[in-house]
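Asks: What follows is a structure written as structure tokens; I'll ask about it next.
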Amino acid sequence: MAEKEALPKITKITTQKRKERYNVFIDDHYAFPISEDVMIKFRIFKGMEVDKKLREEILAADDVSKAYSRALAYLSGHLRTEQEVQKKLREKEIPEPTIQATLAKLRDLNLVNDEQYAESYVRTMARTSDKGPIVIKRNLRQKGVLENDIERGLAEYSDEDQVTNGVEIAKKLAHHYQREPLSKMRQKVYQGLMTKGFSGDIITQILDQTHFEADPELENEKLNMEFAKVWRRNRRYNFSQRKLRTKRTLYGKGFKIDAINGLIEQQTDSEQS
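Residue numbers for the sequence shown follow UniProt numbering, beginning at 1 and rising by one.
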């Protein structure tokens, strides 16, 4: 009866210069590198027999180990979404099965958790930015966070906190538009809050708690400038049409009708004198 063919054996294991990495020699020939955790997991030792299947399992596990180390470096000091980690590993040209196995390991160790990420992201944005829930939700979608996790995260930003933050943002916007007529200022603040991601209901509450006060001198200066431009632009019309069109344009820009009428009366007196 023929003797059973001997399986390849590990004849030497040497330490690499890289921390926690080892070189494995089979039948006195270099075979493959492995990490310390893979060596422990497979209980690799000198004299161990390694068939083809076991070798493939060891190499696959080492691929995951290397990808895991890269993921840990990427996660160091920062929370990341699964999609961000996946994208980073793909940039390293790591095979997709290895990436998925790495993500599974990271999930098991709670090193990636999109629900926790969403909660942390919402709290940070609410505390440090001028962005409302709509923009925050859009940002989280772009990071690959699923809708359920986003909604749970947004629970961290209460309506009350949105209004409190929104009032401060509204004050800054109002200051920026202080040269505008009061009604136009309010309209632009509304649009600004909407652009920043606050909902209509929340904006209404914010505006109700915001005191708008235009600078009379600036508003008057602005009206005079606008009146001169509009009046000149309408010079091709007869005097009656010119007044009507000028009044309508300036009123549409948010200026008070009494102030507009006052300038038109001055212009009328000037034209008639």
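Even for Gly, the Cβ is constructed at its ideal location relative to N, Cα and C.
Computed from a prediction, not measured in an experiment: that's the story for all the values here.
Under 7 Å, do residue 69 and residue 37 count as touching if we go by C-beta distance?
Replies: It is not a contact, given that the beta carbons lie outside the stated cut-off.
Asks: Go ahead and pull the three-state DSSP assignment for residue 24.
Replies: Three-state DSSP puts residue 24 in a strand.
Asks: Is it right to say residue 30 is buried, meaning 16 or more other beta carbons lie within 10 angstroms of its own, or is it exposed?
Replies: With fewer than 16 other Cβ atoms within 10 Å, it is exposed.
Asks: Whole angstroms are fine: how far does the CA of residue 137 sit from the CA of residue 62?
Replies: Those two C-alpha atoms are separated by around 37 Å.
Asks: Report the rounded CA-to-CA distance for residue 67 versus residue 41, giving the unit in angstroms.
Replies: If I take the Cα positions, the gap works out to 16 Å.
Asks: Short of 7 Å in beta carbon distance, which residues of its chain neighbour residue 257, apart from the five on each side in sequence? Order them along the chain.
Replies: Only 251 meet the Cβ criterion.
Asks: Can residue 102 and residue 60 be called in contact, C-beta distance under 7 Å?
Replies: Cβ distance not < 7 Å, so residue 102 and residue 60 don't count as in contact.
Asks: Where does residue 149 land, buried or exposed, given buried means 16+ other C-beta within 10 angstroms?
Replies: With 16 or more other Cβ atoms within 10 Å, it is buried.
Asks: Can you tell me whether residue 202 is helix, strand or coil according to DSSP?
Replies: Three-state DSSP puts residue 202 in a helix.
Asks: What is the rounded straight-line gap between the Cα of residue 216 and the Cα of residue 182?
Replies: Spanning the two alpha carbons is a distance of roughly 10 Å.
Asks: Return the chain-ordered ranges of every alpha helix (DSSP H) run that is complete within the segment 34-67 and spans a minimum of 4 residues.
Replies: Those alpha helix (DSSP H) runs which fall completely within the segment 34-67 and span 4+ residues are 36-41.
Asks: Can you tell me whether DSSP reads residue 211 as helix, strand or coil?
Replies: Correct three-state label for residue 211: coil.
Asks: Pair every Cβ in the segment 195-207 with every Cβ in the segment 155-165, then say whether three or more of these pairs are closer than 8 Å.
Replies: Yes, the segment 195-207 touches the segment 155-165.
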